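So the sequence shown is residues 729 to 1013, counted in my numbering. Beta carbons are placed, not taken as given, at the ideal position from N, Cα and C, and that holds for glycine. Please read these numbers as outputs of a predicted model, since none were measured by experiment.
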Amino acid sequence: MRLHVGCAMWTHARWQGRFLPARLPPGDRLRAYASWCDAVEGNTTFYATPSRETVESWARQTPADFRFVVKLPKPITHEHRLIGAEDELRAFLDAMEPLGPRHHALWVQLPGSFSPADVGALAAFLRRLPRGHRYAVEVRHPAFFAEERAERLLERVLAGAGAEWVPFDTTVLFGSPPTSDAERDAWTKKPRVPRRTRALTGHPIVRYLGRDAEERTVQGWRPWVDTVAEWLREGRSPTVFVHTPDNADAPALARRFHDEVRARLPELAPLPEPVAADEPPLTLF
């Protein structure tokens, strides 16, 4: 029984001296983060495919059971819209290869304009993908959440490819007006879609966005504690990413979510002990 939790990144200016040692070199920050959380979203890969050498360094800094959920580059999903991007996809998969078992899922985040009329392109794309990876798809068009026919169509396509539907739960963020600059910024950028809790595979992935106030974030994830505990009882292996608009306390919040699920299921494997923020920088020797 294993629940992985993580954040949207592994380094943040406001984490230095709190969750990560203050003087830690950039090349060791992922190693320190991996003592707090055992998964991370690969959002930076949306903007550029990293070099193979960079990905090799990610693998060296993390244990084999650490989970990377890496986002496909923007040219594939948003510019080509999954059509005719074979060269870009091949280059991306080659760059990710050093992650080995850490490469938990390839994350296909589609633009808000990608509608039910485009599902045929998604089906064809998924059929062409190599079978050695897991795949997870995030959609943002309102019709997939409001129209049962569109929802069922997408579910059939994903289930046929063994792919998961990634929910991005923003209901707490949009539950009341924003109270900070970070929340106001998130209001303009994040999708406003209903909460979805149906898993299609044995490895569901959840993205949860709370508020900058810790207790509002914790109160808002209560339904997910119930859902994730039930998934674990069913034999699934979920991964949950905890976001807030400013992400200032995200590592601690991710661990708190894991603790709340583990309080329901004491047999759940614990997280690693985190590196203390006042420890000296890690070295190679």
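Practice task
Answer with buried or exposed for His861, where buried requires no fewer than 16 other C-beta atoms within 10 angstroms of its C-beta.
Solution key: exposed
Problem - Alpha-carbon to alpha-carbon, Asp756 and Leu1010 - result: The pLDDT assigned to Leu1010 is 47, lower than 50, so where the model puts this residue is not dependable; a value taken from the coordinates is nonetheless given after this. Answer to the nearest angstrom: the Cα atoms are 7 Å apart.
Exercise for the section: Kindly give me the distance between the Cβ atoms of Arg939 and Pro895, rounded to whole angstroms, as I take these residues to be in contact under 8 Å. Expected result: Between Pro895 and Arg939 the Cβ distance is about 18 Å, and since that is not below 8 Å, they are no contact.
Practice task
Give the single residue among Val934, Trp949, Glu883, Gly930 whose Cα lies nearest to the Cα of Gly903.
Solution key: Trp949
Exercise for the section: Tell me where the alpha helix (DSSP H) around His986 begins and ends. Expected result: 978-992
Handout entry: Beta-carbon proximity check, Ala813 vs Ile804, cutoff 8 Å
Key = yes
Practice task
Take the Cβ of Asp766 as the centre, count every other Cβ of all protein chains shown within 10 Å, and call the residue buried at 16 or more, exposed below.
Solution key: buried
Handout entry: CB-CB length for Pro905 against Ala878, believed under 8 Å
Key = No, Pro905 and Ala878 are not in contact; Cβ-Cβ is about 30 Å, not under 8 Å.
Exercise for the section: Please state whether DSSP places Glu892 in a helix, a strand or coil. Expected result: strand
Practice task
Leaving out five residues on either side along the sequence, give the residues of the same chain with a beta carbon under 7 Å from the beta carbon of Ser965.
Solution key: Arg730, Gly930, His931
Problem - N- and C-terminal bounds of the beta strand (DSSP E) containing Arg795 - result: Residues 795-799.
Practice task
Quick one: grab the DSSP three-state call for Pro1009.
Solution key: Any answer about Pro1009 is weak, because its pLDDT of 45 lies below 50 and its placement is not dependable; what the coordinates show is given next. The three-state secondary structure of Pro1009, taken from DSSP, is coil.
Exercise for the section: Report yes if the CB atom of Phe969 is closer than 8 Å to the CB atom of Ala736, and no otherwise. Expected result: yes
Practice task
Go through the segment 860-906 residue by residue and report every complete run of the beta strand (DSSP E) that reaches 3 residues or more, in order.
Solution key: Listed in chain order, they are 863-866.
Practice task
Within the same chain, show all residues whose beta-carbon is closer than 6 Å to that of Ala833, passing over the 5 residues directly before and after it, in chain order.
Solution key: Val797, Arg862, Ala864
Practice task
For Tyr775, name the three-state secondary structure that DSSP assigns.
Solution key: coil
Exercise for the section: Decide yes or no for the touch test of the segment 839-858 against the segment 869-884: beta carbon pairs closer than 8 Å, at least 3 of them. Expected result: yes
Exercise for the section: List the DSSP bridge partners of Ala833. Expected result: Ala833 pairs with Val797.
Problem - Asp913 beta carbon less than 8 Å from that of Pro973 - result: yes
Practice task
Measuring alpha carbon to alpha carbon, tell me which of Thr739, Phe747, Ala741 ends up nearest Val1003.
Solution key: Phe747
Practice task
Report all residues from its chain with a CB closer than 7 Å to the CB of Trp738; omit the five preceding and five following residues, and keep chain order.
Solution key: Cβ neighbours of Trp738 beyond the five flanking positions: Arg757, Leu758, Tyr761, Val768.
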